[in-house]
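Top to bottom, those sequences are chains A and B. So the first sequence is numbered by the working numbering: it starts at 466 and just counts up by one. So the second sequence is numbered by the working numbering: it starts at 466 and just counts up by one. All residues carry an ideal CB built from backbone N, CA and C; glycine is no exception. Just so it is clear, the structure is predicted and the values come from calculations on it, not from any experiment.
Number of protein chains: 2
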Amino acid sequence: MTGVLVIEDDDRIRLALLLALEDEGYAVRGAATAEEGLRMQRREPADNVLVDLMLPGLDGFECIRQLRRDDDVPIVVVSARDDTHDIVAALEAGADDYVVKPVAVKELSARLRALRRRARAVPAPVPVLTFGPLEISPDAGEVRRAGRPVPVTRTEFRLLCELAEHAGRVLSRQQLLQRVWGYDTGDERLVDVHVGRLRQKIEDDPGSPRHLVTLRGLGYKLTR
Amino acid sequence: MTGVLVIEDDDRIRLALLLALEDEGYAVRGAATAEEGLRMQRREPADNVLVDLMLPGLDGFECIRQLRRDDDVPIVVVSARDDTHDIVAALEAGADDYVVKPVAVKELSARLRALRRRARAVPAPVPVLTFGPLEISPDAGEVRRAGRPVPVTRTEFRLLCELAEHAGRVLSRQQLLQRVWGYDTGDERLVDVHVGRLRQKIEDDPGSPRHLVTLRGLGYKLTR
DNA sequence: CGGTTGTATGACAGTTGCGTGACAAAACCG
DNA sequence: CGGTTTTGTCACGCAACTGTCATACAACCG
């Protein structure tokens, strides 16, 4: 299911767009302000965003820039203003297309499809967390040391990810039990054992660990 | 240097576009007919193609389709006709954008830039996914190993495509059940079985798979 | 320094997760 | 309709993993 987010302050127009797009088979949702739209997109990303330029508060241009900052979603501006200056500015801000109201829904839909044809082909890179020679990619379910894959078990992997996500911070055994194992209570030695096993695999000298370090009385942390 | 090819039969308009785009810093070339444009693009590909719809001989729609057949170049239609039906047809044929004459060069330039932003992100616009000796073409519904076609069943193919689309990422059995079978719940062994069958066909040594690998406790992933 | 607390590690048995072959139901196809 | 292919289910065996325990070691403290 492909989702479309419509950011438009005029209730009538927004509703009309939403209904029309829904008829075209999109899963729609709407926002009346840039702030609301940004929040929605951050929480549950849509596959396309339609945005008006004249918005109360944060205006359309700024909205586009902020959307672009942490998202590669295709953005289409739907504006009443047919002005070269606006069009150029919107596209420069990061929009992918600009259509002038009133717009035929069929056309809008075709433009969205054309846009998605391009956007979909982009293979999102697999994010990797690095700690010195250590590379952890949660999505790939893979750990590498100096480029070489290190076989780790599921529990070890979860533990490592948890530590990596909070790099530099101490996590107590209780916190780790909670987050990795889901235990509300349990033997804290369990954590020790797995940390030990992990060290055998990822540390050069497991005896004096450089990345997965113990903080006596506090817990463990992962450092760079 | 970014090159733009303008396919437009009206000499005056073509010249005007070429000059204006040259001013904007593009390396331009022009063609008066679809045939000529296709030949030029095949011999020395430009980074963008502008095409008129009303062309003598091969018309604009057909021109777009033929361009698309062996090229992923961004195509912008520049037409005098402001008609929803034409716009939709052109976009469906494979165009990326549609602007109506007369058009401001600044706008055209901005649209080209926006388009190229997207297009560049696609490194190899091949509809074939390769994993070592393995070739999967989702569109053609075909799998090859070392060039030789491999007969796979529909379910196997879908499973393979799903994994290929998320190359390098782990997909849990649940996710695969959901996406390939549409099951919200079900026996996860089912996935194992099909993965096993797939391995018999695509792996050199199904006993120790190199591409379709298991991540114990996590799921499966396809690697290069 | 000895006592105390906290941490590392090796061994082990129970458990889990995975791969596979067999088989029946279902879909497909002349 | 009969044969063939595809699909889903099941049970079993193997290998890998997990958690517990006991013991040894290291750090802290007065």
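- When secondary structure is reduced to three states using DSSP, A492(B) falls in the strand class.
- Among the residues facing chain B, L556(A) is included, as its CB has a counterpart in that chain under 8 Å away.
- Check the Cα spacing between Y563(A) and each of K566(B), L573(B) and H550(B): the tightest is with L573(B).
- Excluding sequence positions up to five before and after A584(B), its CB lies within less than 6 Å of the CB of P539, all in the same chain and listed in chain order.
- For K566(A), no beta strand (DSSP E) run applies, since DSSP gives it neither H nor E.
- For a Cβ distance threshold of 7 Å, nothing in chain B lies close to K666(A): the least Cβ distance comes to about 15 Å.
- The residues V565, in chain order, have a CB closer than 8 Å to that of D547(A) in the same chain once the five nearest residues on each side in sequence are set aside.
- Our two residues, L523(A) and R479(A), have alpha carbons roughly 17 Å apart in a direct line.
- Here the stretch 663-677 of chain A lies against the stretch 592-609 of chain A, with 3 or more beta-carbon pairs under 8 Å apart.
- The shortest C-alpha to C-alpha distance from G502(A) to any of A492(A), L486(A) and D474(A) is the one to D474(A).
- Interface criterion not met: the Cβ of I529(A) is under 8 Å from no Cβ in chain B.
- At a cut-off of 8 Å, the C-beta of G647(A) has no neighbouring C-beta in chain B.
- The beta carbons of L636(A) and G684(A) sit about 5 Å from each other, so the pair counts as a contact at 8 Å.
- Cβ atoms of E621(A) and P614(A) stay farther apart than 8 Å, at about 14 Å.
- A distance of 8 Å or more separates the beta carbons of V514(B) and I552(B).
- Contact between V541(B) and L577(B) holds: CB atoms are separated by about 7 Å, below the 8 Å threshold.
- Distance between D476(A) and E527(B), taken at the CA atoms: about 41 Å.
- Between T549(B) and L520(B) the beta-carbon gap is near 21 Å, outside 8 Å, which marks them as no contact.
- Annotation: the continuous beta strand (DSSP E) that includes L515(B) extends over N513 to V516.
- Across the structure, V493(A) and D517(A) are spaced so that their CA atoms are roughly 16 Å apart.
- 8 Å or more divides the Cβ of L663(A) from the Cβ of G651(A).
- Collapsing the DSSP output to three states places L683(B) in coil.
- Taking C-beta atoms under 8 Å as the contact rule, D537(A) and Q506(A) fail to qualify, at a distance of about 12 Å.
- Under DSSP, R610(B) takes part in a beta bridge, and its partners are L599(B) and R613(B).
- Contact between R634(B) and K686(B) holds: their C-beta atoms lie close to 6 Å from each other, under 8 Å.
- Legend: CB atoms of the stretch 534-553 of chain B lying less than 7 Å from CB atoms of chain A belong to residues T549, I552 and V553.
- Counting other Cβ atoms within 10 Å of its Cβ, G672(B) stays below 16 and is therefore classed as exposed.
- Contacts with chain B (Cβ-Cβ distance below 9 Å) from the stretch 572-586 of chain A involve E572, S574, A575, R576, R578, A579, L580, R582, R583, A584 and A586, listed in chain order.
- Excluding residues up to 5 positions away in sequence, I529, R530, L532, R533 and I540 lie with their Cβ nearer than 8 Å to the Cβ of G559(A) in the same chain.
- For the C-beta of V635(B), the chain A residues within less than 8 Å are, from N- to C-terminus, D604, A605 and G606.
- The beta carbon of L486(B) sits closer than 6 Å to the beta carbons of V469 and V493 from its chain, once the five residues preceding and following it are set aside; these are given in chain order.
- Within its own chain, the residues whose Cβ lies closer than 6 Å to the Cβ of V593(A), once the five positions on either side in sequence are excluded, are E600 and S602, listed in chain order.
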